[in-house]
Every structure is written in structure tokens, then in C-alpha cells.
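So for the sequence shown, the numbering used here puts the first residue at 18; every next one is plus one.
Virtual Cβ for every residue (Gly too), placed ideally from N, Cα, C.
Values in this document were obtained by computation on a predicted structure and should not be read as measured data.
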Amino acid sequence: MTTVPQSIPLTKNRFLAELRTLWWITIKNWFYLVRYPSFIIQLLIWPLIFPAAYIVTAQALAGPDRIGLVFFAQNTGTVDYIAYIVIGTTVWMWQNTVLWNIGTDLRNEQKRGTLESNWLSPSFRFSLLMGTTFIHLFTMFLFILVSFLEFTFLFGVQWNGNPGLVLLVFLCAAPSIYGIGITFASFVIRMQEANSFIQLVRGLVMIFCGITFPISILPNWMAQISRWLPQTYLIRAVRNAALDNADFAALKGDLGTLLIFGALWVLVGFLSFHWMERQARKSGIIGQY
């Protein structure tokens, strides 16, 4: 009589196993990062290059006597147009890099030929994507810090707010920013094309969220759309916290909205990922180039 050995249940120590999965995916992405240290150049240059185009344009539109700043102050509540623009463009670059990094992570693994083997492992497949998020959070923290330091020392921007509240705003916005990236990654692996989707999403943020202007000047139908985008509340809250010295009571409305958006987008990202997983089983797209 043959005795069939009992299999070890996969649920045993599942939580610790998922933590190990997240840890090693984070380590893998860290090796990618330090293997190509040219990212340090981007970290120093992009915070200056991208806002510079808008800053120079604003200086030109202000006129030789800067009479345009009067109208700018009436609509924004501040005359520091450089800081105003920097905050908006920094948020835009954050969302843009999330789309390019988190949004295309699974697709890049597919191109390398490693996604299929990872997919067959007994680990929770959602962890394969979440592990990328941690290293990206670290690099984006450095990016935002460098942005604020460069404009403080090179352009003399005065930040009048509480740095702790500014950090709190970014933390409250992180779930929605990365939830959008996870949702995006799921559709990219299904459609196997990213560029057009990235151009669409970042274009919406640029037009409707007021990265260089207050949304109060938008037509009513555009303002209604902007209220459904979490980046709108992130930009407004950071500007209030960093430029107007707003306290927690003044920010709690935007913070609450960001948390609601965060819960919604994380849920949408999770459901989109599982939808993509079911589609992959039917069509075999994981093993396709």
C-alpha cells in the first residue's frame, strides 16, 4: 500500500512569506537602481528643467513692470509664482514617474522574460507589483526633497509653512497616486502598450489639476472634472501648507478627500489586477512578448 505524503498547506506562515517576497522584490529593484546610477543626474536636473519652462513663461506674461503679478495674486493669494509653479510641477512629475515606473513594471518584466516564472511561484501575485512601490517611494522622497532644496537655495523661494504638514499631505496622497499606477499597470500588461495611456493620464493632470494656475479660472465644466482628480486636492493642500502657513484644521478637508480617493484607487487597482490575472489565465498573455 502506497502512502501519499501530506502536503504542507500553502497558507502556513503566509504573511511572513509575503513579507519575504516584498523584501526580495524591493532588493531586486534596489540592485537595478544602483547598477545604473545615472538616475542621480536625473534627480538633480529634472526638478529644475521642467518647472523652468513655466517659470520663464510666467515672467514673460507678467510684463516688463510685472503688472501681471497683481492679477496672479488676486487669483492665487500669493505673489510667489515660482513656488506656486514648483509645487504643481512636482506633483505632476510624481504622478508621471509613477506611471512610467510602477505602471510599466510588469510589462518590463514581461519583456525581460522573468514575469512568467515569477507568476508561477506560490507567492501572492499582487506582491510582485507592490514590491516595486517601496523602492519608488524612496526615490520620490529624494526627488521631492531635492526639488524643495534646489529652489530654496538657487531661486530664493521662501517656504512659510510647516514641513511636517507638507509631508503629511504627501503621505495622504500616496495611496491614490500609487493606486492609479497599479491600475495602470494592470491595463498595460493586458494591452501590451503604455505610451499612449501615459500621455493621456498625465495630460489630464496637466490640464485639469492646475499645476501652474488656479482651477478657479477654469470653465465650469472643466472645474467639475478637476474635482474628481486627487491631484487637484494634493496640489492645493501642499500650496496652502507650504506657502500660506495653513494649520491642520484648514487642511483636514483636503486630507480627508485624499484619503477617500486613496482607498478608492487602491481598491480599483486591486480589482483591476485580479481582472488582468483572470484574463491572463484565459489568453496566456503573461508568456507573450
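Cβ-based neighbour list, residue 256, same chain, cut-off 7 Å, excluding 5 preceding and 5 following
Here residue 256 has 101, 104 as same chain residues with Cβ atoms under 7 Å from its own Cβ, once five neighbours each way along the sequence are excluded.
Between which two residues does the alpha helix (DSSP H) containing residue 263 stretch?
Element bounds for residue 263: n/a, residue is neither H nor E.
If we call anything under 7 Å between Cβ atoms a contact, is residue 151 one with residue 38?
Contact check for residue 151 against residue 38 fails: the beta carbons are separated by 7 Å or more.
Would you kindly work out how many angstroms separate the C-alpha atoms of residue 259 and residue 88, rounded to a whole number?
C-alpha of residue 259 to C-alpha of residue 88: approximately 21 Å in a straight line.
Let me know the secondary structure DSSP gives residue 130 once reduced to three states.
Coil, per DSSP.
Pick from 242, 165, 108: whose alpha carbon is nearest that of residue 372?
This structure leaves residue 372 out entirely; the chain is present only between 18 and 306.
Look at the alpha carbon of residue 93 and the alpha carbon of residue 229, and state the distance between them as a whole number of angstroms.
Distance from the CA atom of residue 93 to the CA atom of residue 229, rounded to whole angstroms, is 10 Å.
What is the C-beta distance between residue 153 and residue 118, in whole angstroms, given that I count them as a contact (C-beta under 8 Å)?
Cβ atoms of residue 153 and residue 118 come within 8 Å of each other, at about 5 Å.
Report the rounded CA-to-CA distance for residue 195 versus residue 71, giving the unit in angstroms.
Approximately 26 Å, taken between the alpha carbons.
Rounded to the nearest angstrom, how far is the Cβ of residue 86 from that of residue 77, given a contact under 8 Å?
The pair is not a contact, with the Cβ atoms about 12 Å apart (cut-off 8 Å).
Verify whether the separation of the beta carbon atoms of residue 69 and residue 98 is less than 7 Å.
The Cβ atoms of residue 69 and residue 98 lie no closer than 7 Å to each other.
Enumerate in chain order the residues of its own chain whose CB-to-CB distance from residue 46 is below 6 Å, with the five nearest sequence positions on each side excluded.
Around residue 46: 149, 152.
Segment limits, alpha helix (DSSP H) that includes residue 92
Following the DSSP letters along the chain, one finds residue 92 inside the alpha helix (DSSP H) bounded by residues 85-93.
Could you name the residues of the same chain whose beta carbon sits closer than 7 Å to that of residue 65, not counting the 5 residues immediately before and after it, in chain order?
For residue 65, where only same-chain residues beyond five positions count, the Cβ hits under 7 Å are 167.
Under the three-state reduction of DSSP, which class applies to residue 72: helix, strand or coil?
Three-state result, residue 72: helix.
Under the assumption that residue 246 contacts residue 275 (Cβ atoms under 8 Å), give the Cβ distance between them as a whole number of angstroms.
The Cβ separation is near 11 Å, so there is no contact.
Would residue 206 pass as a contact of residue 142 if the rule is Cβ separation under 7 Å?
Result no, Cβ atoms of residue 206 and residue 142 do not sit closer than 7 Å.
Rounded C-beta distance between residue 144 and residue 35? I'm assuming under 8 Å.
In this structure, residue 144 and residue 35 form a Cβ contact; the two beta carbons are roughly 5 Å apart against a cut-off of 8 Å.
When DSSP labels each residue in this structure, what does residue 107 get in the three-state scheme?
DSSP places residue 107 within a helical segment (H, G or I) once states are collapsed to three.
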